Amino acid sequence: MNENEYLAEDEYDRLDTFLTGELGITRTRVQGLIKNKHVTKVGDDTGNLKPSMKVQAGDKFIVNMPVSDNVAYLRAEPVDFDVVYEDKYIIVVNKPAGVVVHPSPGNWRNTLVNGLVYRYPDLKELMHWLRPGIVHRLDAGTSGLMVVARTEEATTELIRMFQDREVDKHYIALAHGRPKRLEGTISGPLDRDPGNRLKRAVVLGGKASLTGYKVLWTRNNFSLVEFKLFTGRTHQIRVHFSALGCPLVGDVPYGAPSEEIELGRVMLHSWRLGFKHPATGEPMSFRQKIPEAFIEYIRDTVKL
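Residue numbers for the sequence shown follow this note's numbering, so the first one is 37 and each next one is one higher.
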């Protein structure tokens, strides 16, 4: 069995809905896991969990996943990404835009995880369902730096550092328009968009979220912006800057022109990542230059 803990950051109408998103498998399989007592709730010894039970923000669940299932779903295959750093505890990668981080329904193949277990077969020993070593994520359309754990101990420590906001995360993005203030912080609370459950929005009573930003330059109604994340909510930069009336280029769901769907990416890049090494405590800092396609778009469209 592969035992993992999952924390609900939002409220959910049903337990099976929450775990389907977390595990990346079908709701039917999740319902089978609950029925067969492979799911327990931390602090609840009754063992009477139902797929239809409501989930409150802060609830924790432990899922015991049969190892054979993990091996069957997680296929090792070559995927294009660069390795920036590696040792026996961690791997730092440069994820290309367009690459999904981990397998899920509709995206079982060609994900970063498929490529990681192809290059590093030892990752399969972690058996974190379909996410071995994954301690944080980038959206599929976002490029740049990610750190991946190679041991259980490194996984636990890196997850703690992200949760305790001890990781330094900086992004570069190209946005439409120009914010009224060229530098500042955005603190709009985030939650699921009431009109579209696949999106996030600034919602009264949502989770506290804080994004720092600085406009580096503005030209022809475009702005190049550096961001610092103080919290790590889903779609945080995209939602916050869209709320200022400056959607990121290519981010059609959050207000960019519909024709930009053809770009196949959001012009958002994780360019700086800093943290203490999970085993040695040594400060680690990485930078990754903006992809050439990003630069070419600026040259051709913004016309610097």
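C-beta: ideal position from N, C-alpha, C; glycine also. Note that the coordinates shown come from a computational prediction; the quantities given were computed from them, not determined experimentally.
- Between the alpha carbons of residue 63 and residue 258 lies a distance of about 42 Å.
- Distance from the CA atom of residue 231 to the CA atom of residue 290, rounded to whole angstroms, is 13 Å.
- Taken through DSSP and simplified to helix, strand or coil, residue 125 comes out as coil.
- Taken in chain order, the complete alpha helix (DSSP H) segments of 4 residues or longer contained in the stretch 160–223 are 188–199.
- With a beta-carbon spacing of about 17 Å, residue 197 and residue 129 fall beyond the 8 Å limit used to define contacts.
- Only residues of its own chain outside the window of five on either side were considered, and among them 209, 210, 211, 212, 273, 274, 277, 278, 290, 292, 302, 303, 304 have a CB closer than 8 Å to the CB of residue 284, listed in chain order.
- Counting only the Cα atoms, residue 299 lies some 12 Å from residue 337.
- Look at residue 266 here: in three-state DSSP terms it is coil, with no helix or strand label.
- DSSP places residue 249 in the uninterrupted beta strand (DSSP E) bounded by 247–255.
- A straight-line Cα-Cα distance of about 8 Å links residue 178 and residue 306.
- CA-to-CA, the gap between residue 170 and residue 46 works out to about 20 Å.
- In the three-state reduction of the DSSP assignment, residue 305 falls in the strand class.
- A straight line joining the alpha-carbon of residue 281 with that of residue 215 spans about 7 Å.
- In the displayed model, residue 239 falls within coil according to three-state DSSP, outside both helix and strand.
- Annotation for residue 96: 41, 42, 43, 44, 77, 78, 79 place their beta carbon closer than 8 Å to its own, counting only its chain and skipping 5 residues before and after.
- Under DSSP, residue 290 forms no beta bridge with any residue.
- The secondary-structure analysis by DSSP pairs residue 228 across a beta bridge with 236.
- Cβ atoms of residue 136 and residue 176 come within 8 Å of each other, at about 5 Å.
- With fewer than 16 other Cβ atoms from the protein chains shown falling within 10 Å of its own Cβ, residue 83 counts as exposed.
- DSSP places residue 99 in the uninterrupted beta strand (DSSP E) bounded by 96–101.
- Within a 10 Å sphere around the beta-carbon of residue 247 sit 16 or more other beta-carbons, which makes this residue buried.
- Bridge pairing for residue 119: 129 [DSSP].
- Checking the DSSP bridge columns, you'll see residue 321 partnered with 310.
- Taking C-alpha positions only, residue 48 is separated from residue 66 by approximately 15 Å.
- Cβ neighbours of residue 93 within its own chain (closer than 7 Å, five residues either side excluded): 44, 45, 46, 47.
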